[in-house]
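J.:
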Amino acid sequence: MTRGYFGIPYTPLLTLPFATRGYDGATLSMAAENAAKVLRQKRGILLLLAGTNDLLASYYHGIDATGAHELVDDPVDDINTWIKKTQTMIEPLKDSFTLVLSTIPLIYRSSLPLFNELLNGYEEAIRLLSQSIGTHLIDLGSSLRAVQESTDSTYFPPSRASLARDAEFLHTVEHAEELLKQERGLTLSVDGVHPDSIASTLVAHEIDAFFGQTLHVSDTF
């Protein structure tokens, strides 16, 4: 899981004890490598929640000095390549701990059909990965879209640099969340990608419920 610098973090809202070993900007492969280092000599439960950066890397094909971007020709193939690399890293580790994979909590964008195609491709790859190596799956993406199926806002972050500027704004300006959402017509997100306080609360609740009801983890774990 990420440390939550971008958007409104959900980790402080979790009620079950946890240790965050993710870091902002990590790709799926980087997250798997990091998990391997942290848990190589431990046993426990690992929630691998990553993929937003892989999705954005597929969506942004080259950013010039003005922040303009182009779309990749075949984004689904690109994300599947990352999944295959991740699977290779995870398989040797799955007997050391209880592994939980998750889809990423993003909503569909009605104005961006290629983004939706990429998101669908990623989620299907995660489901297949979970089935192939026999792990638990928590579908945070579907849970979030059950609240709001799509958004008509045409805003999408023009570059990764814009996401960094939004994060800095959130950390330094009072009422920044409301200001960003109102200006851009966004719901459930502050920057077009990362969650707002409503979405973060939902994500935290879904994770707590899954660990408590499915994995039977108590608050004394």
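Here our numbering runs 2 ahead of the position in the sequence shown, where the first position is 1.
C-beta atoms are modelled at their ideal positions from N, C-alpha and C, and glycine is treated no differently.
Note that this is a predicted model, so its numbers are computed, not measured.
1. Quick one: give me the first and last residue of the alpha helix (DSSP H) that I200 is part of.
2. Could you compute how far the alpha carbon of G187 sits from the alpha carbon of F8?
3. In whole angstroms, what separates the C-alpha of H138 from that of S145?
4. Could you check where the beta strand (DSSP E) with T100 kicks off and where it finishes?
5. Per DSSP, what kind of secondary structure is H225 in: helix, strand or coil?
6. When you compare only the Cα positions, how much space is there between G123 and E176?
7. Report buried or exposed for D193, applying the criterion of at least 16 other Cβ atoms within 10 angstroms of its Cβ.
8. Taking the alpha carbon of T13 as the reference point, which residue from L217, S202, G214, Q215 has its own alpha carbon closest?
T.: So, to answer that:
1. One-based indexing of the sequence shown puts residue 200 at position 198. Boundaries of the alpha helix (DSSP H) around I200: 199 to 211.
2. Taking the sequence shown and counting its residues from 1, the one referred to as residue 187 is at position 185. Taking the sequence shown and counting its residues from 1, the one referred to as residue 8 is at position 6. F8 has its alpha-carbon roughly 18 Å from the corresponding atom of G187.
3. On the sequence shown, residue 138 is found 136 positions in, with the first residue counted as 1. On the sequence shown, residue 145 is found 143 positions in, with the first residue counted as 1. Straight-line spacing of the CA atoms in H138 and S145 works out to 16 Å.
4. Here the question's residue 100 lines up with position 98 in the sequence shown. First-last of the beta strand (DSSP E) with T100: 100 to 104.
5. Because the chain here runs from 3 to 223, residue 225 falls outside it and cannot be looked at.
6. Locating residue 123 in the sequence shown gives position 121, where the first residue counts as 1. Locating residue 176 in the sequence shown gives position 174, where the first residue counts as 1. About 37 Å.
7. Counting from one through the sequence shown, the residue named residue 193 turns up at place 191. By the neighbour-count rule (16 or more Cβ atoms within 10 Å), D193 is buried.
8. Your numbering for residue 13 matches position 11 in the sequence shown. Closest option to T13, Cα to Cα, is S202.
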